[in-house]
Amino acid sequence: AATHILIPLWGSRETVWVCAAALFAAALLCRFKPAAGLALAIPFLMAWMVPESLRPARPGEVLLAEVESNYQYLQVISKGEGDEKSTHLKINEGLDSFHSVAFENSPFTQGSYYDYHVVMPFLAGDGKAPANLRVLSLGEAAGTFGRVYSHVHKVCSLDAVEIDPVVMTLGDEFFLGDRPEGDRFPVDARVFVENTQRS
Numbered sequence: 018a019a020t021h022i023l024i025p026l027w028g029s030r031e032t033v034w035v036c037a038a039a040l041f042a043a044a045l046l047c048r049f050k051p052a053a054g055l056a057l058a059i060p061f062l063m064a065w066m067v068p069e070s071l072r073p074a075r076p077g078e079v080l081l082a083e084v085e086s087n088y089q090y091l092q093v094i095s096k097g098e099g100d101e102k103s104t105h106l107k108i109n110e111g112l113d114s115f116h117s118v119a120f121e122n123s124p125f126t127q128g129s130y131y132d133y134h135v136v137m138p139f140l141a142g143d144g145k146a147p148a149n150l151r152v153l154s155l156g157e158a159a160g161t162f163g164r165v166y167s168h169v170h171k172v173c174s175l176d177a178v179e180i181d182p183v184v185m186t187l188g189d190e191f192f193l194g195d196r197p198e199g200d201r202f203p204v205d206a207r208v209f210v211e212n213t214q215r216s
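Residue numbers (the numbering used here): 18 to 216.
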């Protein structure tokens, strides 16, 4: 039931609550036989008693989206104001880290490693990026690399591989900006690398 019904329909958080309530109901049945009817109803009532947001936004943050996909728990938050305003994608715990970031008025990420990554093509030859630059991003998340590459390397293509299509959807909705031409593949990066015919 957990694998084929509860998680696909309700998500893992509600499934854990239902399983916990079912264990509680079973304990009541073993201890108090007359409470059997009430005990059997508890697991189903608990699924609708969970908090609306799993992790409320911290002070100074605005929660834009909270989604539990088939793969992970996702939060999109906004913080700061003016030129410092930024949007972050947090995955699972996301206590002090993020997987994608976009600043309001800049394609760059204010010194995060995304900014340094776009230097690599210049190191390929005589200080000039290849004319037919092709980039492969494994684990694209919400597309931060694509936005930075599109700004620095005006003519390039970027193929993005991201196992979770929900992450791509959040990227399209909340992380705006130009992206290079290229294909997007909602598959596991290991499967893509093992089976791709692209060179």
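Idealized CB from N, CA, C, for every residue including glycine.
Treat the numbers as computed from the prediction; the structure is a model and nothing was measured.
DSSP places residue 151 inside the beta strand (DSSP E), whose first and last residues are 150–155. The beta carbon of residue 164 is closer than 8 Å to those of 119, 124, 192, 194, 195, 196 in its chain, skipping five residues each way along the sequence. DSSP places residue 24 inside the alpha helix (DSSP H), whose first and last residues are 24–27.
CA-CA distance, residue 106 to residue 177, rounds to 17 Å. In terms of CA proximity to residue 203, 156 leads the group 130, 156, 189.
If you ignore the 5 residues before and after residue 147, its C-beta comes within less than 7 Å of the C-beta of 138, 141, all in its own chain and listed in chain order. DSSP places residue 79 in no alpha helix (DSSP H) but in the uninterrupted beta strand (DSSP E) bounded by 78–85. One Cα belongs to residue 134, the other to residue 76, and the distance between them is close to 31 Å. Around residue 79, the same chain offers 95 as residues with beta carbons nearer than 6 Å, after the five sequence neighbours per side are excluded. Residue 200 and residue 132 have their alpha carbons spaced roughly 22 Å apart.
Taking 8 Å as the cut-off, the Cβ atoms of residue 166 and residue 152 count as close. For residue 168, the enclosing alpha helix (DSSP H) stretches over residues 161–169. C-alpha of residue 30 to C-alpha of residue 88: approximately 13 Å in a straight line.
In this structure, residue 184 lies away from residue 206, with their beta-carbon atoms at least 8 Å apart. In terms of CA proximity to residue 175, 198 leads the group 101, 127, 143, 198. Assignment of residue 193 by DSSP, reduced to helix, strand and coil, places it in the coil class.
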